[in-house]
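Student: Quick one: the structure is below, questions incoming.
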Amino acid sequence: MDLNFSDDELAFRDEVRAFLDKNLPAALAAKVKGGKRLVKEDMDTWHAILNRQGWLAESWPVEFGGTGWNAVQQQIFEDECCAAGAPRTVPFGLKMLAPVLIKYGSEEQKRTYLPRILDGSDWWCQGYSEPGAGSDLASLKTKAIRDGDHYVVNGQKTWTTLGQYANKIFCLVRTSTEGKPQEGISFLLIDMETPGITVRPIILLEGTHEVNEVFFDDVRVPVANLVGEENRGWTYAKYLLTHERTNIANVGANKVSLAHLKHIGQHQKIRGRPLIEDPLFAARLAEIEMDLDAMATTNLRLLSSPDSAANAGPMSSMLKIKGTEIRQALNDLTRRALGPYAMPFVSEALDTGYNEAPIGPDYAAPVSQEYFNNRKISIYGGSNEIQRGIISKMMGL
Amino acid sequence: MDLNFSDDELAFRDEVRAFLDKNLPAALAAKVKGGKRLVKEDMDTWHAILNRQGWLAESWPVEFGGTGWNAVQQQIFEDECCAAGAPRTVPFGLKMLAPVLIKYGSEEQKRTYLPRILDGSDWWCQGYSEPGAGSDLASLKTKAIRDGDHYVVNGQKTWTTLGQYANKIFCLVRTSTEGKPQEGISFLLIDMETPGITVRPIILLEGTHEVNEVFFDDVRVPVANLVGEENRGWTYAKYLLTHERTNIANVGANKVSLAHLKHIGQHQKIRGRPLIEDPLFAARLAEIEMDLDAMATTNLRLLSSPDSAANAGPMSSMLKIKGTEIRQALNDLTRRALGPYAMPFVSEALDTGYNEAPIGPDYAAPVSQEYFNNRKISIYGGSNEIQRGIISKMMGL
Amino acid sequence: MDFNHSDDRTMLKDMVSRFLADNYPLAVRNRSAESTEGFSRDIWQQFAELGLIGALFDEQHGGFGGAGFDISVLFEALGRGLVNEPFLASAILGGGLIAQLGNDVQKDILTEVISGKTLLALAHGEPESRFDPAQVTCRASQTDSGWTIDGHKAVVLNGDSADILVVTARVSGGDWDEDGISAFLVPAGQSGVEIRGYPTIDGLHAAEIHLSSVEMGGDALLGPIGKAFPAIELAVARANIALASEAIGLMDVCRDMTLDYLQTRKQFGVPIGKFQALQHRMATVLMEIEQARSACINAAGRLDLPRVQREQAVSTAKALAGRVGRLVAEEAIQMHGGIAMTWEFDLGHYAKRLIMIDNQFGDVDYHLARFAELSRTAA
Amino acid sequence: MDFNHSDDRTMLKDMVSRFLADNYPLAVRNRSAESTEGFSRDIWQQFAELGLIGALFDEQHGGFGGAGFDISVLFEALGRGLVNEPFLASAILGGGLIAQLGNDVQKDILTEVISGKTLLALAHGEPESRFDPAQVTCRASQTDSGWTIDGHKAVVLNGDSADILVVTARVSGGDWDEDGISAFLVPAGQSGVEIRGYPTIDGLHAAEIHLSSVEMGGDALLGPIGKAFPAIELAVARANIALASEAIGLMDVCRDMTLDYLQTRKQFGVPIGKFQALQHRMATVLMEIEQARSACINAAGRLDLPRVQREQAVSTAKALAGRVGRLVAEEAIQMHGGIAMTWEFDLGHYAKRLIMIDNQFGDVDYHLARFAELSRTAA
């Protein structure tokens, strides 16, 4: 047992730091750290920088252009990126579709799509959820009916994050209604420019546009765009859900949030003394900090455990639940730290180019929005209730 | 809306206080307040005093020797008794069996048993739970088979509180195995001196003897001891569970516990200053005190609500859950208040006649035992899980 | 003891509920929240005509209510309707201070307030005062002709719509002294008053107000010099009863919407309300709301008791509103899932207001600490 | 980074587990808990022969371990076995102080400690010191021939079995000063030492110790005069790692027993583990135990880091042990229902020990406040 980074790991960390220091644009880091809204260009910029370095596809095998890093290295990279204020890479192509293609895609699909993910030619989004199929994904209704060399797709997807920027969508569609609901699902790759696709924005409760509805009306998709076998899409989707564990706990981002909250606690005052010295606030903060410190170890412990592959499902579930709980606790305590200044909400203040003085302290503007926006993290990607169900199955209940 | 006691209610309270002042033996009150173990004689003494005054059967109608008090009066009486350090009356005859007899018993049963409850001739205990029938009471297996003028009872009851003192037991027994499990249950009154009954003590985790197992081996019970109709016992048992709401929240006792905890908080020290001034302890205490203050009003509000009869089930459930949560929170914070002195446990120190100096502060001896003992209150009388189920049914879920 | 509302209050409640059901759909409310002032002047006038502003003042001041239970009954109904008109700013806070401290001439303003013609706001909080009602660094200095006021007032509720600001300022003492605080009537258009209004995340409006050498006559002062603190504390107490009651209304709506959703939304072939884990959590939600409601009743009923008892009850009501409000808002969103995250679905708007109530006039931790301090005072 | 234990520690763990499985049934443990000393001398001797006491000391002091992970591996296994022999009192606390402060002659005692022949106890806590390691009011005054010690030591773990007491006393400074505390070796039979032993609710033994003009020679002093505090703090840190690790072992047992019960106990015709409300709560139990385990690993691994990092990790481990321990104990009892409330059923004995760990060397709130204070020191 050794909690210290090895010399190799330390060297790797220094290399990452040096890279970030040199290549992460200061203006972009400032935006991220200031809680400003990122636009597509911001995300594209960082994507290209990482790609140039060969560090874009952390978790892919080297043969496909990935880094070949192990779990600890990936975690170091994510932590350092977060600490430096790098934007998170958009995961749909890199972390969600790619592992599925690498394991189940045809040679042709790998050759076609993986390079286009890396060079930014394709922006993928995810077509899983439907209005009637949220936690119960297997009940999805979007249909794909074979017609010669094409599938004809009809139906509706929802909660499609950043779909407004995407030119491609990977979808779970129903190709059969026989057997268990899981058994008739297929995994299709669809070009968003195909006629019959409509994207409609969904505005979130705090006013942001992150997610969309995607409507399919007689959309013709070449059969060559089927991943793996027909009616086996559920297997691929499940692989994807359990495969992606690195960073599911968001340790790096949570550490940054904690540091930011401490900064706020030092600047907010109670009777002239820093809020962080208030015993109740200090205890709430300590509680979260302790939990996060333990979480960082839980995360690495589970990721590097020899039986991690076997227990991938429940492990992801634990990391996801605890990671979201910590993040939401941080968001809540940050909201409380602001006192009355949590209320003002000038949406434009979160856009680049807003030049007026901030209302209240400069860190106040994004706080409440983030609190409300992050209620989503315990809902999406399999709600925390679904995750608890997975854990309890693993326990034999 | 008026939160103040009316003049009549104030006069009643004063009358209760005067009575307690004059009639509650000081030594007995000291025992109760000091957390000492009560023996049968203590309980008998107080029972007799209340009976002399005509205040023993708070919730019975006047015609049977009850007080005829309304809900607010009963609550005032309970609160004052708690505050004065009176022992709680043993509920099995007074509050559990009696309402069932009054509603469903034969004239003969009422005439025979109610006076004997009042004058202390009978000490009743309850024969509901069985080793295989806890939360799922309807699955009970103790059988009563008709044989002429008798039922022949075979089986086992458990968790029989204070059964070691009882000369009578009221039991739910299975008289039929047809239909739903609830449908074949009957309500029987059994003399503990009947041949074939064995009482075996169950020692609780902290070493006390409160509960017992009761074994029935070909016990012959006269058919006249059947309450109501054969196979309708489930109805009577449910009536009993939902009927008794006064004091289910234990507001009076919780107030006394809170006051005692404050007393401890004033005497325990952190760096020479009273623990009660420690901001974290003070906040935990405030949280409980606030909840209890709200609870006192929730209790009276629900008890005196005009639609209380209709909602008796879910209301009892709410009062029971919240009352036990508050009590357990008090027990836990009291345990924590003691610091290392929560550990010493000299069981004899809780008995009258123990003459050695206390270990640590004089209030320390019963604290941990009470914490552990009171884990039972969220389990018995329908676990808090069962109560949440009742509430969710009421909400239409 | 009697836990039924008087007939008058029951009528008031029913009237408001009916009016809101007929005239105040959420879409209209959300549109008015996005307007320049963040509420509807037209609706405000109708509220005034219905007597709702008058219900918050006693007869002596031209109203027909003003007691704790008047506040709680009205604000619970306003909460159910997610009303964003300036009852709190104009009637409870601004009006409350004038009613307590004003002389006869000053009190004449209240008639206009009750009729809805004049709007008030209380410019009391400051950038660093957080929830402390005694922290006033804004300064008022006596001049030959009256007063000069300087300072920065923060997050002044409806400060951008008020005709008259009730501004608190320190005339003596240190930054956190209760003694030495005065309140002044300052017309919003007075020279030296700079008002920057903005929307809040929960659909209200507030303002940062800078006062630079604002010259006021002697008649601007409310009450005896430097002695405004007790009146401020009482106005804040009434505001907290209003907010806690509003929270109850919001919680009831969130609970009902969630129960409805649990009964109709199906996943895995059954209504999600059949899942025991959700059932048990909803039982907790139900119970805790009843606890918060009881705390509100206690605070409203103890408003006229001696200070420590009053303030402990107020802190209890507000702390429970904060704790239970967060539980209810978060559980309601979580149990709804994605749909609750959208602007188009009503729940989120209720949830936002419910959470933000905790950031007004003291959050859970503030009131826990304050309650404990008051306990020690009492002991 | 490497999260696997070394082969030596894995062997140690397996050996202890096997020994306990074969020789330490709960019924035997409970009987020894009721004996005069509250543990078995015979078993203690066997533990010594297995090298378990030596595992808590480094080679320099005649052991073959003593690192953070040695403590955590051993105490986790002892927790699983609900062992009540005096590892903490004699090896970690008493032995730990001698190893840190003792001169060569004094350190000779450790050989006897490791062989199980001599028992130590740390007489440090006092009736009003609660969890504060610097609060020492017991006095030691220098005399011609050595020292005179007076005072009352409270809840001294295994103080009634020790051959030698390590007594802390103040030689200078105020009641809460870190400076001015010394530790002394006092034979239990020394004149003026009055020991009142008693059982604890969780099956251990402790003692109140009164020292009245206890005369000791100069060779009783451990280390430089008045400078014992850093050693005491480190001994307490090691004790807290031991306790937190013991708690992990206890939690694992409680969880496994509960899972087993949920799978076998039927109510309403199905195993109660099929009820979703219980499933979700068990998922929380499982997760939180993993968090507590991580905190223990962190504390064990950071034992040799600079003070603030070390102590923050220790406070984290102990706070999580306290918080999660309570969750696990209470949920395990609740999910078992009545059966868990009985003496005859094993669970309650584990639960009692698990809860009481929170009352030793700092409860959750103590460690939260301390962690926060250390954070400020570090900033």
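Protein chains in written order, with our numbering: chain A, 1 to 397; chain B, 398 to 794; chain C, 795 to 1173; chain D, 1174 to 1552. We treat Cβ as the ideally placed atom computed from N, Cα and C, and that holds for glycine.
Taking its Cβ as the centre, do 16 or more other Cβ atoms sit within 10 Å of P880(C), making it buried, or is it exposed?
Tutor: buried
Student: Could you name the residues that DSSP lists as bridge partners for H1325(D)?
Tutor: H1383(D)
Student: Below 9 Å between beta carbons is the criterion; list the residues of the stretch 1425 to 1455 of chain D that meet it against any residue of chain B, in chain order.
Tutor: Near chain B, meaning a CB-to-CB distance below 9 Å, the residues of the stretch 1425 to 1455 of chain D are R1438, K1439, Q1440, F1441, G1442, I1445, F1448, A1450 and L1451.
Student: Take every Cβ of the stretch 1342 to 1356 of chain D, pair it with every Cβ of the stretch 1217 to 1230 of chain D, and state whether three or more of those distances are shorter than 8 Å.
Tutor: no
Student: Look at the Cβ atom of A1031(C), then the Cβ atom of N952(C), and state whether they are nearer than 9 Å.
Tutor: no
Student: Which class does Y151(A) belong to by DSSP, given the choice of helix, strand or coil?
Tutor: strand
Student: Kindly say whether A283(A), judged by its beta-carbon, lies nearer than 9 Å to any beta-carbon of chain B.
Tutor: yes
Student: Compute the distance between the beta-carbons of T942(C) and E1009(C), then report whether it is under 9 Å.
Tutor: Yes, the pair counts as a contact, with Cβ atoms nearer than the cut-off.
Student: P344(A) CB to nearest chain C CB: under 9 Å?
Tutor: yes
Student: Out of curiosity, what's the CA-to-CA distance linking L1270(D) and A1415(D)?
Tutor: 15 Å
Student: Could you give the uninterrupted runs of the beta strand (DSSP E) lying entirely in the stretch 532 to 599 of chain B, keeping only those of 3 residues or more?
Tutor: 540 to 544, 547 to 554, 565 to 571 and 582 to 588
Student: In chain C, which residues lie less than 9 Å from K719(B) when you measure between Cβ atoms?
Tutor: Residues of chain C passing the Cβ test: M1081, E1082, E1084 and Q1085.
Student: Apart from the five residues on each side of it in sequence, which residues of its chain come closer than 7 Å, Cβ to Cβ, to G736(C)?
Tutor: Coverage of chain C is limited to positions 795 through 1173, which leaves residue 736(C) absent and any answer about it impossible.
Student: With 9 Å as the limit, tell me which residues of the stretch 1136 to 1151 of chain C have their beta carbon closer than that to any beta carbon of chain A; keep them in chain order.
Tutor: Result list: T1136, W1137, E1138, F1139, L1141, G1142, H1143, A1145, K1146, I1149 and M1150.
Student: Based on DSSP bridge pairs, tell me the residues matched to A1010(C).
Tutor: With the sequence shown as reference, residue 1010(C) is identified as Met, and Ala is not the correct amino acid for it. In DSSP, M1010(C) forms a bridge with W941(C).
Student: Once DSSP output is grouped into helix, strand and coil, what is the label at N609(B)?
Tutor: strand
Student: Does the Cβ of E684(B) have 16 or more other Cβ atoms within 10 Å, making it buried, or fewer, making it exposed?
Tutor: E684(B) should be labelled buried.
Student: Using only alpha-carbon positions, find the residue among F215(A), K269(A) and A342(A) that is nearest to I197(A).
Tutor: Checked all of F215(A), K269(A) and A342(A); the closest Cα to I197(A) is F215(A).
Student: Can you grab the Cα-Cα spacing for the pair L1520(D) / A249(A), in whole Å?
Tutor: Approximately 33 Å between the Cα atoms of the pair.
Student: What residues in its chain sit with their C-beta under 8 Å from that of K666(B), if we drop five residues either side in the sequence?
Tutor: L672
Student: Bridge partners for S1355(D) per DSSP, in chain order?
Tutor: A1342(D)
Student: What's the C-alpha gap between V219(A) and A98(A)?
Tutor: 23 Å
Student: Whose C-beta lies closer than 6 Å to the C-beta of T1431(D) among residues of the same chain, with five residues either side of it excluded?
Tutor: A1505 and M1508
Student: So I1354(D) and G1399(D) are in contact, right, with Cβ under 8 Å, and what is the actual spacing, rounded?
Tutor: 6 Å
Student: Which word fits P1306(D), buried or exposed, when buried means at least 16 other C-beta atoms lie within 10 angstroms of its C-beta?
Tutor: buried
Student: List the residues of chain D that M318(A) touches, going by C-beta distances under 7 Å, in chain order.
Tutor: M1460 and E1463
Student: Identify the continuous beta strand (DSSP E) that holds E767(B) and give its terminal residues.
Tutor: No beta strand (DSSP E) holds E767(B); the alpha helix (DSSP H) holding it covers V764 to N770.
Student: According to DSSP, simplified to helix, strand and coil, what is R414(B)?
Tutor: Three-state DSSP puts R414(B) in a helix.
Student: Against V72(A), what residues of chain D qualify as contacts under a CB-to-CB distance less than 9 Å, listed in chain order?
Tutor: M1174
Student: At a Cβ cut of 7 Å, what residues of the stretch 212 to 229 of chain A count as close to chain B, listed as they run along the chain?
Tutor: Answer set for the stretch 212 to 229 of chain A: empty.
Student: Could you tell me the alpha carbon to alpha carbon distance between D729(B) and V549(B), rounded to whole angstroms?
Tutor: 46 Å
Student: Of the residues Y768(B), T464(B), A621(B) and T558(B), which one's Cα is nearest the Cα of H547(B)?
Tutor: The option with the nearest alpha carbon to H547(B) is A621(B).
Student: With 9 Å as the threshold, decide whether the Cβ of N250(A) is near any Cβ in chain D.
Tutor: no
Student: Three-state secondary structure (DSSP) at H999(C)?
Tutor: strand
Student: Give me the chain B residues within the contact set of L1114(C), using Cβ-Cβ distance strictly less than 9 Å, ordered along the chain.
Tutor: Going along chain B in sequence order, the residues near L1114(C) (Cβ under 9 Å) are M687, D688 and A691.
Student: Say whether chain D places a C-beta atom closer than 9 Å to the C-beta of E769(B).
Tutor: The question names Glu, yet the displayed sequence has Phe at residue 769(B). Cβ-Cβ to chain D under 9 Å: yes for F769(B).
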